[in-house]
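The opening position of the sequence shown corresponds to residue 25 in the numbering used here, with each subsequent residue numbered one higher. Right, one structure below, let's go through it.
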Amino acid sequence: MNQIFGEYATATAFAIMLTKRQCNTLLRVRYVAQEAAKHGVDAFGRGGCDMSVRSELIAPQPMQSLHALRDRGLVFWHRTHDGKACGFGGLTKAGELMCGLLDEAGLTIENTNTLSVLRRLDRAA
Numbered sequence: 025m026n027q028i029f030g031e032y033a034t035a036t037a038f039a040i041m042l043t044k045r046q047c048n049t050l051l052r053v054r055y056v057a058q059e060a061a062k063h064g065v066d067a068f069g070r071g072g073c074d075m076s077v078r079s080e081l082i083a084p085q086p087m088q089s090l091h092a093l094r095d096r097g098l099v100f101w102h103r104t105h106d107g108k109a110c111g112f113g114g115l116t117k118a119g120e121l122m123c124g125l126l127d128e129a130g131l132t133i134e135n136t137n138t139l140s141v142l143r144r145l146d147r148a149a
């Protein structure tokens with residue numbers, strides 16, 4: 025971890041504003057994709073039009089967090105020929121880079137868990 029960057033990025037406003045929940049969601053999406061890749065599985069069904077969006081894989085995050093990240097260009101959905109969403113795609117290149125910045129700032133899934141995330145985890149268990 026780069027301590028100077030970590031102090032700067034977590035103590036002042038950043039040009040790309042992300043809530044703790046959005047950071048947590050972004051890191052969880054990356055984690056799920058990395059774990060699936062270790063087993064030769066595509067976590068989000070690339071190219072498939074599975075409308076379940078597989079949000080259970082990155083639970084306990086609500087869809088609002090994924091939509092906010094999509095609106096910032098950090099995650100994407102696959103699209104049909106007429107432009108309709110047809111399945112969650114995962115991180116964009118910008119999302120991957122943002123995860124790297126979050127790493128440099130010392131942010132992890134564990135330290136970005138909010139109270140609402142922890143409550144969802146308890147309910148899911």
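Yeah, the Cβ is synthetic: ideal placement off N, Cα and C, and Gly gets one too. Since this is a predicted model, take the numbers as computed values, not measurements.
- For G124, the enclosing alpha helix (DSSP H) begins and ends at K117 to E128.
- DSSP places R45 inside the alpha helix (DSSP H), whose first and last residues are K44 to K62.
- Residue environment: L98 is assigned as buried (16 or more neighbouring CB atoms within 10 Å of its CB, all protein chains considered).
- By the neighbour-count criterion, in which 16 or more other beta carbons inside 10 Å mark a residue as buried, R143 falls on the exposed side.
- Residue state for R96 is assigned as coil, using DSSP reduced to three classes.
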